[in-house]
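Heads up, the sequence shown is in full-length UniProt numbering, so the first residue is 1 and it goes up one at a time. Glycine residues also receive a C-beta, built at the ideal position from the N, C-alpha and C atoms. Have a look at the structure below before the remarks.
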Amino acid sequence: MAALSSAKRVVIKIGSALLVDKKTGDLRSEWLVGLAEDVKMLRDRGVDVILVSSGSIALGRGVLGLPRTELPLEQSQAAAAVGQIRLARAYEEVLAPHGIKTGQVLVTLEDSADRRRYLNSRATLATLIGFGVVPIVNENDTVATDEIRYGDNDRMAAQIAVTVGADQLILLSDVDGFYSANPQIDPTAVRYDTVSDITPEIEAMAGDAGSGLSKGGMKTKVMAAKTATASGCAMAITEGSVMRPITALENGANCTWFLAQTDPQVARKRWISAMKPQGVLMLDAGAAEALKRGKSLLPAGVTSVIGSFGRGDPVELRSPEGHALGMGLTRYTADEARVIRGHRSDEIEVLLGYPGRAALIHRDDMAI
């Protein structure tokens, strides 16, 4: 059984209906203050927190006086542009009194579908977390078209959880868990406390995308659970409109936990090791030993670069004797790697003419 008390890194998904009053279009400030207190509670015990929040269009719609019906794409994007400023400011204002810094991260589906963008997103989020910042992630509705949209925040939250290597994802919803049928329609519907395996029967219970209690429905939540749990992240669905919803979850509020199928790092290493290498990096003895101890690969340890590859591509790592050591996702192109190989990381800017990352391959992007 999953428990929030065991979490080390948590992604919390917040929908528009929780943040913005449907009738007035105003921010639910008191609720947001309570959420900030929950974030502080998690942070005080050493938990990394990432918030995936919608609400920019809903907030911008009210400011621009747009109708509460479905908007044309260009009006949605305009509303998002206005609302994103207010959304970011709202989170900053409620978290700053707790000494918590915030940063806004806007993403689209392309950022996870393209390996290079994925690695950049992962590196940015990891750096923010390293600085003690709580990232506020939102879909970039100002530029996203239907072709590059996630389409629902549940799926986006699951992808962010995978990207940051979270061990728990919490969907704050308008329903208190996963049911065998829609409880508003079927009085015999039963709520599941735990789902250990997402079987075809479980998927069938979720119904079609529009049949759930919130936008996207329960089907999108089960799809999100499949993404998260396969990557080592447990996922909870719980009712989010109550004050201090995370505290309520810890205190036994109704919910459904979808259990992780593996450890996040194990899942990531398995994913990397299954890739087809686009090139080869030959290492010296010191670098080969450092990798076996779980260290990142620095340019100084590379003796030769074989093949043609781009940033984010998988490359094979070989010992001085030519033995395969593992696979890694490179942060430099093959041409860049040839320039910086054998050099110290503090020489990269001089050699390339622009600042670069210290590691050629970070240990988190490596399967040895």
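Selection A228, W31, R293 and I340 evaluated against D167 yields A228 as nearest (Cα-Cα). Scanning R28, R331, A234 and S6 for the CA closest to the CA of T194 turns up A234. With a 10 Å radius around the Cβ and a threshold of 16 neighbouring Cβ atoms, I185 comes out exposed. V302 is a Cβ neighbour of L360, given a cutoff of 8 Å. Only residues of its own chain outside the window of five on either side were considered, and among them V11, L169, A228 and C233 have a CB closer than 6 Å to the CB of A161, listed in chain order.
Shown here, A189 sits in coil according to DSSP, grouped into three states, outside any helix or strand.
In this structure, E321 is the residue among G83, P245, R344 and E321 with its C-alpha nearest to the C-alpha of A288.
When secondary structure is reduced to three states using DSSP, Q184 falls in the coil class, being assigned neither helix nor strand.
For S16, DSSP assigns no beta-bridge partner whatsoever.
In this structure, the CA atom of P187 is about 19 Å from the CA atom of E201. Put simply, the backbone Cα of A230 is about 19 Å away from that of L109. The beta carbon of I348 sits closer than 6 Å to the beta carbons of I340 and G356 from its chain, once the five residues preceding and following it are set aside; these are given in chain order.
In the three-state DSSP reduction, S345 falls in the helix class (H, G or I).
The Cβ atoms of L172 and L18 lie closer than 8 Å to each other. Contact between Y118 and T102 does not hold, since the beta-carbon distance rounds to 23 Å and is not under 8 Å.
By the Cβ neighbour-count rule, V175 is buried, with 16 or more other Cβ atoms within 10 Å of its own. If you draw a straight line from the Cα of K276 to the Cα of P314, it is about 7 Å long. Annotation: A78 to R89 spans about 18 Å, alpha carbon to alpha carbon. Take the alpha-carbon of G132 and the one of A260: they are about 26 Å apart. Bridge partners of F258 according to DSSP: V195 and M235. In the DSSP secondary-structure assignment, Y179 is bridged to R191. For T330, the closest C-alpha among the options I306, L351 and H323 is that of I306. Annotation: T163 to S53 spans about 16 Å, alpha carbon to alpha carbon. Counting along the chain, T24 sits inside no beta strand (DSSP E), nor does DSSP assign it H or E at all. The Cβ atoms of R68 and G165 lie no closer than 8 Å to each other. Partner residues in the beta bridge of R9, as assigned by DSSP, are D48. Linking C255 to G240 through their CA atoms gives a straight-line distance of about 10 Å. Contact fails between the segment 35–49 and the segment 260–273, because fewer than three Cβ pairs, one in each stretch, are under 8 Å apart. Of the residues assessed, M243 falls on the exposed side of the cut-off, its CB having fewer than 16 other CB atoms within 10 angstroms. Between L291 and L249, the C-beta gap is not smaller than 8 Å, which leaves the two residues out of contact. Inclusion of M366 and G326 in the CB contact set at 8 Å is warranted, their separation being smaller than that value. In this structure, the beta-carbon distance from N138 to Q84 falls below 8 Å.
Short of 6 Å from the beta carbon of I14, and not among the five residues preceding or following it, lie these beta carbons of its own chain, in chain order: S53 and L172. Per the coordinates, the alpha-carbon of K40 lies some 27 Å from the alpha-carbon of I57.
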